[in-house]
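Per our numbering, the very first residue in the sequence shown carries number 73; after that it's consecutive.
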Amino acid sequence: MLGRYENFPENIHGVTIFHHQNPTKSLQQAIFCTFHRLNSELFDLGTVTPYLKQKSEVGFEFGVADGIDFNFLDQNELDNALRTVNETELETLDFFFAVRYHLIRDNGKRVPLRFDYHVLRFFFQEDVLEVRIRHEKGTQRVPLDELISFLVKQINVELSQRQLVQLFFGDFEKASIQ
């Protein structure tokens, strides 16, 4: 089933609650479009987290869940996801994503650093969006609360472009839900 990972871990590392005033389908479409866009963009590390001053760039690779697999969110997968959301509102959206880091040398050469791997679950209720995250592997260069904050800011950019109401930030809680 598109959007749901059957093996989503019970133990998570963080949860955040957001409030929204948008139709759930519109919010889901904005999330898909945001993550598709992020797959092709690079950011200065300072844009993602203000606490690390290393001269590095950050990129993302998002895949959307489909049963026991994740499919890279390319244009074909985005079209399929938008069509699915248009037909039926999904209760959850699960994603796997890699955060790619590259150190930028003085000569401009990009040196890859260890990547971070996460799973992310969006759980939709009437006017509430719960976001759960688990760090699967890597050095966790960017704290999870800052990573969620960055992603939600990017979603809010997409919502604004669609003339929809932005998500209202909630508090990030480190958690282990069993």
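Note that the Cβ used here is the ideal one computed from N, Cα and C, for glycine as well. Predicted, not measured: the structure shown is a model, and the values here were computed from it.
Item                                                                                     : Value
Euclidean distance between Cα positions of R76 and D116                                  : 31 Å
Buried versus exposed, by CB contacts within 10 Å (16 or more), F144                     : exposed
Supposed contact pair F132 and L110 - C-beta distance, whole angstroms, cut 8 Å          : 4 Å
CB contact below 8 Å: V157 versus chain D                                                : You won't find chain D in this structure, because it holds only one protein chain.
Cβ separation of N158 and K97, assumed to be a contact under 8 Å, to the nearest whole Å : 7 Å
DSSP-derived helix/strand/coil call for G180                                             : coil
Inter-residue spacing [alpha-carbon to alpha-carbon] between G118 and L219               : 12 Å
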